[in-house]
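Numbering (the numbering used here), first residue to last: 753 to 888. Before any comments, here is the structure.
In structure tokens form, the structure reads like this:
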């Protein structure tokens with residue numbers, strides 16, 4: 753099996769995971785915006801990057817038998833994002849949703865989502881082109 757270059761599946765799975773995380777983050781941010789005037793609502797945030805911090809610096813063990821324990825970092829597909837209450841002292845008079853921060857988060861997340869989907873699309877175009885024999 754070819755593990756490097758064009759056929760390396762790790763890039764595809766990483767991009768797919770990124771698209772999933774950005775979609776979930778969009779939902780959380782949209783929920784915060786929708787509840788900006790809901791009394792007592794506490795804003796939420798999606799935490800994911802914290803789980804990946806330093807993952808590339810950890811050892812990764814290979815399992816040679818299905819009964820063996822996994823060693824070191826887990827694959828990115830196994831990492832899950834968690835939704836947590838946002839620690840904020842902001843008070844808009846109704847709850848702690850700061851609409852300016854939420855709109856900024858929404859725009860930033862939108863750009864990240866667009867970049868990830870564009871890269872994923874380009875990756876599939878390269879694979880399609882190599883299968884058809886149209887790559888230069």
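All C-beta atoms, glycine included, are put in the ideal place defined by N, C-alpha and C.
For residue i, which option in the options has the closest C-alpha, if you only look at C-alpha atoms?
i, options, result
"residue 864", "802, 845, 775, 790", "775"
"residue 769", "791, 786, 801", "801"
"residue 737", "772, 765, 766", "Look at the range of the chain in this structure, 753 to 888, and you will see that residue 737 is not part of it."
"residue 765", "857, 790, 777, 872", "872"
Between residue i and residue j, how many whole angstroms is the CB-CB distance? I'm expecting something under 8 Å.
i, j, result
"residue 784", "residue 854", "5 Å"
"residue 875", "residue 763", "6 Å"
"residue 847", "residue 790", "6 Å"
Identify the continuous alpha helix (DSSP H) that holds residue i and give its terminal residues.
i, result
"residue 833", "First-last for residue 833: undefined, no H or E at that position."
"residue 860", "851-884"
Do you know offhand how far residue i's Cα is from residue j's?
i, j, result
"residue 793", "residue 880", "47 Å"
"residue 843", "residue 851", "11 Å"
"residue 799", "residue 849", "17 Å"
"residue 809", "residue 833", "With a pLDDT of 48 at residue 809, under the threshold of 50, the predicted position of this residue should be treated as unreliable, though the coordinate-derived value follows. In a straight line, the C-alpha of residue 809 is about 20 Å away from that of residue 833."
"residue 796", "residue 840", "10 Å"
"residue 779", "residue 857", "12 Å"
"residue 860", "residue 883", "35 Å"
"residue 786", "residue 845", "16 Å"
"residue 885", "residue 878", "10 Å"
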